[in-house]
Structures are given as C-alpha cells and as structure tokens.
Amino acid sequence: ILFPDGQKNSIRIYSRLIEGQFPDYHQIIPDSFKTEIKVNTKDFMDKMERISLFVREDLNTVKMEAINERGAQKEERCEIILKAESPSTGEASEKISCLKKGEDIAITFNADYILDVLKIIKKENTIIKLNEPLNPVIITPEEDKDYTYILMPVRTD
Numbered sequence: 001i002l003f004p005d006g007q008k009n010s011i012r013i014y015s016r017l018i019e020g021q022f023p024d025y026h027q028i029i030p031d032s033f034k035t036e037i038k039v040n041t042k043d044f045m046d047k048m049e050r051i052s053l054f055v056r057e058d059l060n061t062v063k064m065e066a067i068n069e070r071g072a073q074k075e076e077r078c079e080i081i082l083k084a085e086s087p088s089t090g091e092a093s094e095k096i097s098c099l100k101k102g103e104d105i106a107i108t109f110n111a112d113y114i115l116d117v118l119k120i121i122k123k124e125n126t127i128i129k130l131n132e133p134l135n136p137v138i139i140t141p142e143e144d145k146d147y148t149y150i151l152m153p154v155r156t157d
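Letter by letter, the sequence shown follows residues 1 to 157 in full-length UniProt numbering.
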C-alpha cells in the first residue's frame, strides 16, 4: 500500500492478509443500557491523566462512580468521582461534572485504556454507556456514530 503525500518521500505499509473469520463484535455490544453519561472530553481526559499518577503500577486501575438520584430516566446533572490509590503514592480522587440518565454505577477501569480512547476523541463531549460493573462499556464521541470503543471493566474484590 502506498500513500503519496505530495512530497519527495512517501509512506509504505506492508501487510499480510490472515485467513479466517473475524469475530462478530456486534454480539458483545448490548442493545440497551441502564446508564448513559455525557461528559466533557477534555475535562475527563485531564482528570484521568492526573488521577493516573496515583494508580498502583501492577494494577493501573481507576474506580469511577456516577451517583445521584437512583433510576432517573431523564438526563440530569451528576458528578463522576474518579478514585485511585497506591501504597507508594497515596490516594486521590477527582470530580467531574456530567449529565447522567439511568441508574447509579460504580465501575473499575484500566486507566491507560480510558486515556487511549479519550486522546483520539475530537468532539467536545464523550458518551459512556454502561450496564453492570463487569459488562462491556461503550464509549463514543457525542453525535458520532462512526466510532465505537468497547472497553471491558476490571474485576475487583
């Protein structure tokens, strides 16, 4: 594959086709969600970067809570609370304003995976759709149906 860039040099990418059936990822994307959160992308990324300084190196996990009136079916103001702790750096929490529709949730993620997706979202707001603490989470840019990020939470005891 050749991508001419109008310059003297071009980029060449070589790839090998692998035979087989690509898994049907639609099977793991739920049809409906118990909770939907809308949060400012830059604010979420800034606070995730800050809180990630306090994660345990071996786990790299951040707990996220979104709690207000349980079961509210209309979109309402809410706060996301991010928490991380490490024996070497201590503990920290960050609050982020958001809009939430649906049930309260507390879920744990790998901090790097969340940051990976937030760094490529160019829209002002990010939508996070959740069901249960161990079910796949869907992250999309607001009003962008072309990009869907599927994230598996981390099990904690």
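Beta carbons are placed, not taken as given, at the ideal position from N, Cα and C, and that holds for glycine.
Please read all numbers here as calculations on a predicted model, not as lab measurements.
Sorting Leu151, Thr89, Ala66, Leu82 by C-alpha distance to the C-alpha of Glu75 places Ala66 at the top.
Counting the other Cβ atoms within 10 Å of the Cβ of Met152 gives fewer than 16, which makes it exposed. DSSP, reduced to helix, strand and coil, places Val62 within a strand of the structure shown. Taken through DSSP and simplified to helix, strand or coil, Thr41 comes out as helix. By the Cβ test, the stretch 12-30 is not in contact with the stretch 115-122, since fewer than three Cβ pairs between them sit closer than 8 Å. If you compare the alpha carbons of Ile114, Glu132, Asn131 with that of Tyr149, the shortest gap goes to Ile114. Apart from sequence neighbours up to five positions away, the residues of its chain that approach Arg155 with a beta-carbon distance below 7 Å are Leu134, ordered along the chain. Linking Asp116 to Glu49 through their CA atoms gives a straight-line distance of about 11 Å. For Lys34, no alpha helix (DSSP H) encloses it, and the DSSP letter there is neither H nor E. Inter-residue distance for Glu142 and Ser52 is about 24 Å (C-alpha atoms, whole angstroms). The alpha-carbon separation between Ser86 and Lys38 amounts to approximately 29 Å. Around the beta carbon of Leu17, a 10 Å sphere encloses fewer than 16 other beta carbons of the protein chains shown; the residue is thus reported as exposed.
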